[in-house]
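*Asks:* Pasting a structure below so you can have a look.
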Amino acid sequence: MKHRIVVLGAGYAGAHAAGRLARRLHPGGTEIKLVNADPDFVERIRLHQLAAGQDLPHRPLRDVFAGTHVELVPAWVSGIDADRRTVVLGEREIPYDTLVVALGSSTVVEEGRHHVSTRPAALRLRERLAQLGAGETVLVVGGGLTAIEASTEIAEARPDLRVQVTARQGIGTWLSDKAQTHLQATLRRLNITEVAEPPQDAAVTVWTTGFTATSIAAGSALTVSEAGRIVVDRTMRSVSHPEVYAVGDAASAEGPGGDPMRMCCASAVPMAWRAADAITERLTGRRPTDFPLRYYGQCISLGRNDGILQITTADDRPTSTVITGRRAAWIKERVCSGAAWSVSNPTMRLPSRSRQIRSAPNASGGTTGRTGETAGSRR
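Residue numbering for the sequence shown follows our numbering, beginning at 857 and increasing consecutively.
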């Protein structure tokens, strides 16, 4: 009987985890199921471009994982029964021996407001923006990365609109002085204004604050943080259910300095690699490698030809080193395209050697390896 691995979600974290597992584990001993409602891999970090009128390439997951032993399961996840080791997909269930939760996050907005956290939402915003006439107001709420990228993308694509941003703490205030200076100059160049109070005449409001983890984990027996993210150890393994791993926005993993890793692609991909490697090492009788997760920088697009690359410390604090302008835009584009390429080419990733698992299913559905560790046991 093969070891059953189920990955929930095929965003940056889930797709990388599934691909790396398929790369490292021999199909003779494992089966990998990837559950995702959307048939395509969605480049979430480019959805502000989609909303502003640009077209993004379709990346069908069946093409992405063709030739691997990843089986796609097109379905919405409605629940996790961590005690019974099953995933609920509507009216049916699928069992697992190892589960990887990568269900991401969403933006909670009031009716009538737009956001860019999903492809359908970005397309709705795109349609609404196309209906606006010259001089109408687009209000972006928030001062973080999404707010900066969405507002500059919309203003560049539609210079005839009045784009305004409102944020309690200001726009990009965590950046270094040099980065903030460049950001403010760009906002002025694009005629984006910062307002203290939301205007009453805004034709469109774009909400970019308050990412929240899916409620699926909070409704299970898994230990979750106050924010609803699954609490994991340094190998991305659930602290309450060791046969469950969580990555990306779904996981509360301790980063440098003790704070949880923030919700972003820069966290999701290394977390996915860590989980896939830990699963592989445990199933093949090896001790998981323990190395700290860290940050290197923040890439921010300011339209198509401008950007900021803020170099950071390991714990994500800005340093005085900043790259701006076209060079930063080029680097940002390479980062985005590289992340999509690595998802779309799972068989091209290192390491190249696939390993046979050194364990067999036991009566409880877990696995017992040569080291005596039971992957399904609770300790």
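The beta-carbon is built from N, C-alpha and C at its ideal position, and this holds for glycine as well.
Given a threshold of 16 other Cβ atoms within 10 Å of its Cβ, counted over all protein chains shown, does His-872 qualify as buried or as exposed?
*Replies:* With 16 or more other Cβ atoms within 10 Å, it is buried.
*Asks:* If we ignore side chains and look at the alpha-carbon of each, how far apart do His-1097 and Leu-1078 end up?
*Replies:* Between His-1097 and Leu-1078, the C-alpha separation is close to 7 Å.
*Asks:* Over the uninterrupted alpha helix (DSSP H) stretch that includes Pro-976, give me the two end residues.
*Replies:* Looking at the DSSP string, the run of the alpha helix (DSSP H) that includes Pro-976 is 975-987.
*Asks:* Using the Cα positions of Arg-969 and Thr-1064, report the straight-line distance between them to the nearest angstrom.
*Replies:* When rounded, the distance between both Cα atoms is 10 Å.
*Asks:* Please classify Arg-1205: does DSSP put it in a helix, a strand, or coil?
*Replies:* Low confidence applies to Arg-1205: its pLDDT is 47, below 50, so where it sits in the model is not reliable, and the reading given next is rough at best. If DSSP states are grouped into helix, strand and coil, Arg-1205 belongs with coil.
*Asks:* Would you decide whether His-914 is buried or exposed? Buried here means 16 or more other CB atoms lie within 10 Å of its CB.
*Replies:* Per the 10 Å Cβ criterion, exposed.
*Asks:* Using DSSP with H/G/I as helix, E/B as strand and the rest coil, what is Trp-1186?
*Replies:* Helix.
*Asks:* Name the one or two DSSP bridge partners that Ala-1107 has.
*Replies:* Paired residues: Ile-1086.
*Asks:* For Pro-895, does the count of other Cβ atoms within 10 angstroms reach 16, so buried, or fall short, so exposed?
*Replies:* Under this definition Pro-895 is an exposed residue.
*Asks:* State yes or no: is the C-beta of Asp-1115 within less than 8 Å of the C-beta of Phe-1067?
*Replies:* No, the Cβ-Cβ distance between Asp-1115 and Phe-1067 is not below 8 Å.
*Asks:* What is the residue span of the alpha helix (DSSP H) that Thr-1168 lies within?
*Replies:* Element bounds for Thr-1168: not the alpha helix (DSSP H) but the beta strand (DSSP E), 1163-1168.
*Asks:* Tell me the rounded alpha-carbon separation between Ala-1131 and Ser-1200.
*Replies:* Rounded to whole angstroms, Ala-1131 to Ser-1200 spans 19 Å at the Cα level.
*Asks:* Any idea what DSSP makes of Thr-1065, helix, strand or coil?
*Replies:* The answer is coil: DSSP assigns Thr-1065 none of H, G, I, E or B.
*Asks:* Use the C-beta contact count for Met-857: other C-beta atoms within 10 angstroms, 16 or more gives buried, fewer gives exposed.
*Replies:* Met-857 should be labelled exposed.
*Asks:* Flag this pair as touching only if the stretch 1166-1184 and the stretch 884-892 have three or more C-beta atom pairs under 8 Å; answer yes or no.
*Replies:* The stretch 1166-1184 vs the stretch 884-892: no contact.
*Asks:* How many Å lie between Ile-901 and Gly-999 at the Cα?
*Replies:* Their Cα atoms are separated by approximately 16 Å.
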